[in-house]
Amino acid sequence: MRHFFSIILFIFIPFMLFSQEYEQGFIDTVYQFTPGVYIEEVDWQSHFPQNIFGQPSDKATIQVPASATADVLPFGIGGEIIVGFKGKALFNGPGYDFIIFENAFLNPINKGIFAEPAKVAVSQDGINFIEFPYDTETLEGLAGLTPVIGTKDPFIHPACGGDAFDLDDVGLSFITHIKLTDFTDIILTLDTKHKYYNPEHILSGFDLDAVSARYLADASLASIIQYDNKYDFTIHSNYDYIQVISNESNINLIASVFDIFGRKMNSHNFSDYLQIPISGFSSGIYLMQISDSHGQILSIYKFVKL
């Protein structure tokens with residue numbers, strides 16, 4: 005048990021994420037949608053949820069946004085949605101990780117931006133969400149501030165428009181859920197000369213067009229994180245197994261897997277190569293400890309089984 009307590013202490017040590025094969029894509033799953041208050045009758049159901057899946061509307065420009073319900077989902081004032089990716093997790097890669105597209109547009113008369121923003125929060129389990137920080141003066145950190153350029157590559161920001169978000173800003177290595185909550189009311193707290201200010205009677209709430217993601221990978225094993233490393237091991241994973249390859253020769257090793265409560269799930273002796281079955285594990289956080297035959301801990305890993 006002493007060894008397990010030492011494992012837990014490593015949870016707060018900065019970690020490194022092992023390399024994975026990533027793909028680009030768009031949200032394709034709605035976990036929950038709670039409409040807000042509409043200032044006029046809106047038929048949001050006819051095209052939902054297909055109107056927020058896939059790439060943003062190719063008709064959108066800086067001054068003429070997508071506005072039909074076939075292209076965007078109107079939230080209404082105070083509306084909220086939770087979305088995600090089927091079988092995929094979104095990982096924290098270099099630079100921004102995902103882009104949210106809304107139908108903000110440039111007012112050609114006063115050169116201000118007509119924006120109805122939303123707060124953005126993310127989660128690794130769909131229950132516990134971490135909200136992106138935002139500035140109440142500049143509104144930086146909210147979604148729905150930047151017009152969409154529908155003819156541009158929706159993964160290259162800022163050319164494509166929309167608002168980009170980096171998981172570094174919330175300290176997460178991966179996410180599975182994105183929550184957007186209408187925050188149009190913040191517009192009314194701004195100075196009337198602010199570039200995002202608009203009068204209350206023309207504000208109707210956030211309108212979601214699309215969400216693109218740059219670093220999607222299989223969510224069955226969302227992350228393997230290394231906390232300590234006295235010896236050199238190579239780790240590979242898929243839904244069924246974790247493979248451990250020792251790059252040190254002639255060392256007798258023991259790999260033990262614990263759940264988050266300290267219960268030992270399994271333990272295996274090996275020297276050069278080991279394949280640990282995990283397909284039967286329940287969803288949750290696990291810790292893998294590799295030690296030598298004398299009980300000295302050589303390396304510790306955390307992985308999340310979804």
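Yeah, the sequence shown ends on 310 if you go by my numbering, and it's all consecutive.
Note that the Cβ used here is the ideal one computed from N, Cα and C, for glycine as well.
These numbers come from a predicted model, not from an experiment.
Cα-Cα separation, residue i to residue j
i, j, result
"phenylalanine 102", "phenylalanine 95", "10 Å"
"lysine 197", "threonine 238", "57 Å"
"proline 60", "leucine 257", "52 Å"
"aspartate 195", "isoleucine 43", "23 Å"
"phenylalanine 52", "valine 46", "12 Å"
"leucine 21", "lysine 123", "Bear in mind that the predicted position of leucine 21 carries a pLDDT of just 36, short of 50, making it too unreliable to give a figure here."
"threonine 155", "methionine 292", "47 Å"
"phenylalanine 109", "proline 162", "15 Å"
"glutamine 54", "glycine 175", "31 Å"
"glycine 83", "glutamate 120", "12 Å"
"tyrosine 35", "alanine 93", "15 Å"
"isoleucine 301", "glycine 99", "34 Å"
"glycine 145", "phenylalanine 159", "18 Å"
"valine 41", "glycine 209", "8 Å"
"isoleucine 66", "glutamate 204", "22 Å"
"serine 271", "alanine 64", "56 Å"
"serine 216", "aspartate 173", "18 Å"
"threonine 180", "aspartate 139", "25 Å"
"tyrosine 305", "isoleucine 282", "14 Å"
"histidine 298", "leucine 171", "40 Å"
"threonine 185", "alanine 125", "8 Å"
"asparagine 254", "phenylalanine 274", "10 Å"
"phenylalanine 187", "aspartate 62", "26 Å"
Residues bridged to residue i [DSSP beta-bridge criterion]
i, result
"phenylalanine 52", "In the DSSP output, where bridge partners are listed per residue, phenylalanine 52 has none listed."
"alanine 1", "The displayed coordinates of the chain run from 5 to 310. Any statement about residue 1 would go beyond what the structure contains."
"isoleucine 294", "Ala259, Ser303"
"histidine 240", "Gln247"
"asparagine 273", "Ile258"
"alanine 64", "Paired residues: none, contrary to the question."
"leucine 278", "Val248"
Under 8 Å between C-beta atoms of residue i and residue j
i, j, result
"isoleucine 191", "tyrosine 200", "yes"
"isoleucine 289", "valine 308", "yes"
"alanine 259", "tyrosine 26", "no"
"asparagine 202", "phenylalanine 118", "yes"
"serine 303", "tyrosine 235", "yes"
"leucine 278", "valine 248", "yes"
**OP:** Count the C-beta pairs between the segment 75-95 and the segment 29-45 that are closer than 8 Å, then say yes if the count reaches three, no if not.
**Re:** They touch, by the three-pair rule.
| message | Report the start-end ranges of each beta strand (DSSP E) in the segment 103-188 that is 3 residues or longer and not cut off at the edges. | response | Counting only runs of 3 or more, we get 122-127, 133-135, 167-169, 181-186.
Determine contact between the segment 101-117 and the segment 161-179, defined as no fewer than three beta-carbon pairs at a distance below 8 Å. Touching, per the Cβ criterion.
Discussion item. Whether or not the segment 133-143 and the segment 74-81 are in contact is what I'm after, with contact meaning three or more pairs of Cβ atoms, one per stretch, closer than 8 Å; do they touch?
Written reply: Three or more Cβ pairs closer than 8 Å define a contact, and the segment 74-81 falls short of that threshold against the segment 133-143.
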